[in-house]
Amino acid sequence: MASDKREGNLDAPTRHPLGQDDPAFYDETAVLAEMERVFDICHGCRRCVNLCFAFPTLFDLVDASSTMEVDGVDKADFGKVVDHCYLCDLCYMTKCPYVPPHPWNVDFPHLMLRAKAVKYRQGKVKLRDRILTRTDAVGSIAGIPVVADIVNAANKAKPTRKLLEAVLEVHADAKLPEFHSRTLKKRMKGHATLASAEPAGATRGRVALFATCYMNRNEPGPGEDLFAVFEHNGIPVILAGKERCCGMPRLELGDLESVRHAKEHNVPMLAELVDKGWDLTALLPSCVLMFKNELPSMFPDDEQVRKVADAFYDPFEYLMLRHKAGKLKTDFASSLGRVAYHAACHQRVQNIGHKTLDLLSLVPDTEVELIERCSGHDGTYAVKKEFHAYSMKIVKPVAERVKRYEADHYGSDCAMAGHHIEQGVADGRVAEHPITLLRRAYGL
Ligand code: SF4
Ligand code: SF4
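Under the UniProt record's numbering, the first residue of the sequence shown carries the number 1, and numbering increases by one thereafter.
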């Protein structure tokens, strides 16, 4: 008879749907029991000890308990583990041998998400976290001309940052994003799209860009760079339209109803674009992951969600698919020298390989150093008063790698991670998005 105690998976990992519509999903007693079961497996395994602070927090609780087992840990302390999880998915996708179809069925990130959802429904969420995760609402106010200038100045001034820390518990030293009143959408308004598209391989050769709250209002430059690079390669680009936040910040808070609302707004609009022949992309790996993996996991029977997921690509994945079909220009005008490239967690767990590294490596006289470690930014984790110091510890080895490599350029597919690394490097140099580097290599 086959044992259910075999060590690790022999089969390809699968993932069960999140199951948020099952009434048992929000049953706190059931969630605590499942946490005790999974924590016990993790305590016996400890492979993930260096991925984030969720696991060290758990193991410290176990080691300090009277039994030195999970049953000795006060269940009221389980939340301390949950609070350190920012749902990067790395433990599930890169480490855990006990994920389904293994009978132990360990899905640590989904369990943490379930615990966060219970907490959110119980109303145990700080005002700060409710505000920080309303990225579209915050951006639409902070991005108003004049207001943007005031907000940006206040974000850099010590007295206002001290006040913000005292009132809202946003750490005074955390780098906050800059707001641009000339958003990506404003910059690209009236842009004349290329008329014709050439399908190649799996790609249809025309792309609708989901701007994302952050790249639209906080960092519009790389969006312009994407237009330039794609169009240089004969790929028409449009903006996806009247989008809302993809819902990832609310997911990380456990507010699954807001994720549903975001999906009900965005998915029909994106599915219509797919029906009209457009492929989809976004410059933030978290937003790509939301459409490719998270929404299908929450809404497995929704055909429009599946359609959008199938048409969604990481930008560098898209360009490398074109390259495979002989449709990427390699007429680079200049080299990039030494590039320290940070692979963002939410891109790594898309299972697409290192497409950014592959593409940058096509540029002559360019060396790319791959850094596969969490940056510690992780949504809002790095700006929270209670977690900022942890996030700086997480980024330290990444920043050290950048410095040791003596890179001419460094950056991450996740612009926010790039800026957090910048804070770790702290030598005055700024992180650059890989699409910006690629545009420069093309001389566009
Ligand atoms: S999902 Fe990421 S942050 Fe959460 S426990 Fe796993 S590795 Fe840590
Ligand atoms: S998530 Fe999996 S690999 Fe990580 S500590 Fe737990 S059982 Fe081990």
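Every residue, glycine too, gets a C-beta built ideally from N, C-alpha and C.
For this session: Please work out which residues of its chain come closer than 7 Å, Cβ to Cβ, to Asp-40, disregarding the five sequence neighbours upstream and downstream, and give them in chain order.
Result: Within the same chain, Asp-40 has close Cβ partners Val-70.
Problem set entry | Expected contact under 8 Å - CB spacing of Glu-243 and Val-237 to nearest Å | No, Glu-243 and Val-237 are not in contact; Cβ-Cβ is about 15 Å, not under 8 Å.
Exercise. So, do the region 260-279 and the region 323-337 have three or more beta carbon pairs nearer to each other than 8 Å?
Worked result: As far as the Cβ criterion goes, the region 260-279 does not touch the region 323-337, which means the pair count is below three.
Exercise. Looking at the unbroken beta strand (DSSP E) that takes in Ile-371, where does it start and where does it end?
Worked result: For Ile-371, the uninterrupted beta strand (DSSP E) segment begins and ends at 366-371.
Problem set entry | For Ser-3, three-class secondary structure by DSSP | Bear in mind that the predicted position of Ser-3 carries a pLDDT of just 45, short of 50, making it unreliable; the figure below should be weighed with that in mind. Three-state DSSP puts Ser-3 in coil, outside helix and strand.
For this session: Return helix, strand or coil for Arg-200, following the three-state DSSP convention.
Result: Note that residue 200 corresponds to Ala in the displayed sequence, not to Arg. In the three-state reduction of the DSSP assignment, Ala-200 falls in the strand class, which pools E and B.
Problem set entry | Span separating the alpha-carbon of Arg-121 from that of Pro-296 | Separation of Arg-121 and Pro-296 (C-alpha to C-alpha, rounded to the nearest whole angstrom) is 22 Å.
For this session: List the DSSP bridge partners of Tyr-341.
Result: Answer by DSSP bridge pairing, in chain order: Leu-370 and Gly-411.
Exercise. Comparing the C-beta of Asp-136 with each C-beta of chain B, is any distance below 8 Å?
Worked result: Of the protein chains in this structure there is only one, and it is not chain B.
Exercise. Since Asp-279 is in the alpha helix (DSSP H), which residue starts that stretch and which ends it?
Worked result: Note, Asp-279: premise wrong, no alpha helix (DSSP H); beta strand (DSSP E) at 279-282.
Problem set entry | Local Cβ density within 10 Å of residue 446, reported as buried at 16 or more and exposed below that | Residue numbering for the chain in the displayed model covers 1 to 444; residue 446 lies beyond these limits and cannot be assessed.
Problem set entry | For Lys-384, the three-state DSSP class (helix, strand or coil) | Strand at Lys-384.
Problem set entry | Limits of the alpha helix (DSSP H) - the one that Ala-157 falls within | First-last for Ala-157: undefined, no H or E at that position.
For this session: State the CB to CB distance for the pair Asp-378 and Pro-285, rounded to an integer number of angstroms; the pair is presumed to be in contact (CB under 8 Å).
Result: The pair is not a contact, with the Cβ atoms about 12 Å apart (cut-off 8 Å).
Exercise. What residues in its chain sit with their C-beta under 7 Å from that of Lys-396, if we drop five residues either side in the sequence?
Worked result: Apart from the 5 residues on each side of it in sequence, Lys-396 sits with its Cβ closer than 7 Å to the Cβ of Gly-424 in its chain, given in chain order.
Exercise. Could you check where the beta strand (DSSP E) with Ala-208 kicks off and where it finishes?
Worked result: Judged by DSSP secondary structure, Ala-208 falls within the beta strand (DSSP E) whose first and last residues are 207-210.
For this session: In the DSSP assignment, find the unbroken alpha helix (DSSP H) run with Val-81 in it and report its ends.
Result: Unbroken alpha helix (DSSP H) run through Val-81: 78-83.
For this session: Starting from the C-beta of Val-81, find all residues in its chain whose C-beta is less than 7 Å away, skip the five residues before and the five after it, and write them out in chain order.
Result: Cβ-Cβ distances below 7 Å link Val-81 to Ala-54, Thr-57 and Leu-58 in the same chain, with the five nearest sequence neighbours on each side left out; the list follows chain order.
Exercise. Between the C-alpha atoms of residue 445 and Pro-100, what's the straight-line distance to the nearest angstrom?
Worked result: The chain is shown from 1 up to 444; residue 445 falls before or after that span and cannot be answered.
Exercise. If you count every other CB in all the chains shown that lies within 10 Å of the CB of Ala-12, and 16 or more means buried, which is it?
Worked result: Exposed is the call here.
Problem set entry | Val-170 in three-state terms, based on DSSP | Strand, per DSSP.
Exercise. Smallest Cα separation from Glu-422: which of Arg-401, Thr-436 and Ile-435?
Worked result: Arg-401 is the residue among Arg-401, Thr-436 and Ile-435 whose C-alpha sits nearest the C-alpha of Glu-422.
Exercise. What are the start and end residues of the beta strand (DSSP E) that includes residue 465?
Worked result: A question about residue 465 goes unanswered here, because the residues of the chain that appear run from 1 up to 444.
Problem set entry | Exposure of Leu-444, with buried meaning 16 or more beta-carbon neighbours within 10 Å | Counting every other CB atom within 10 Å of its CB across the protein chains shown gives Leu-444 a total below 16, marking it as exposed.
Exercise. Bridge partners of Tyr-313, per DSSP?
Worked result: Answer by DSSP bridge pairing, in chain order: Thr-281.
Exercise. Is any heavy atom of ligand 2 found at a distance shorter than 7 Å from the C-beta of Cys-48?
Worked result: Indeed, a heavy atom of ligand 2 lies less than 7 Å from the Cβ.
Exercise. Taking Cβ positions, are Leu-127 and Lys-95 nearer each other than 8 Å?
Worked result: No; because the gap between Cβ atoms is not below 8 Å, this pair is not in contact.
Exercise. When the Cα of residue 452 is compared with those of Lys-385, Glu-386, Arg-404 and Gly-376, which residue comes out closest?
Worked result: Since the first residue shown for the chain is 1 and the last is 444, residue 452 is missing from the structure and cannot be characterised.
Problem set entry | Neighbourhood of Asp-89 by C-beta distance below 6 Å, restricted to the same chain and skipping five residues each side | Within the same chain, Pro-109 and Val-349 come within 6 Å of Asp-89 by CB-CB distance, once the 5 residues on both sides are set aside.
Exercise. Near Ala-197, what residues of its chain come up, given a Cβ to Cβ distance below 6 Å and the 5 sequence neighbours on each side ignored?
Worked result: Same-chain partners within the cutoff: Gly-205, Arg-206 and Pro-236.
Exercise. Are there three or more Cβ pairs, one per stretch, closer than 8 Å when the region 215-230 is compared with the region 337-351?
Worked result: With the cut-off at 8 Å, the region 215-230 and the region 337-351 do not touch.
Exercise. If we count Cβ pairs, one from each stretch, closer than 8 Å, do we get three or more for the region 177-186 versus the region 146-165?
Worked result: The region 177-186 is in contact with the region 146-165.
Exercise. Should Phe-387 be counted as a contact of ligand 1 given a C-beta to heavy atom distance under 7 Å?
Worked result: Every heavy atom of ligand 1 is 7 Å or more from the Cβ of Phe-387, so no.
For this session: Determine the closest residue to Thr-183 out of Leu-256, Gly-353, Leu-362 and Ile-141, with distance taken between C-alpha atoms.
Result: Across the set Leu-256, Gly-353, Leu-362 and Ile-141, the C-alpha of Ile-141 shows the shortest separation from the C-alpha of Thr-183.
Exercise. Which runs of the alpha helix (DSSP H), 4 residues or longer, sit entirely within the region 107-154?
Worked result: Correct list: 108-121, 127-132 and 135-142.
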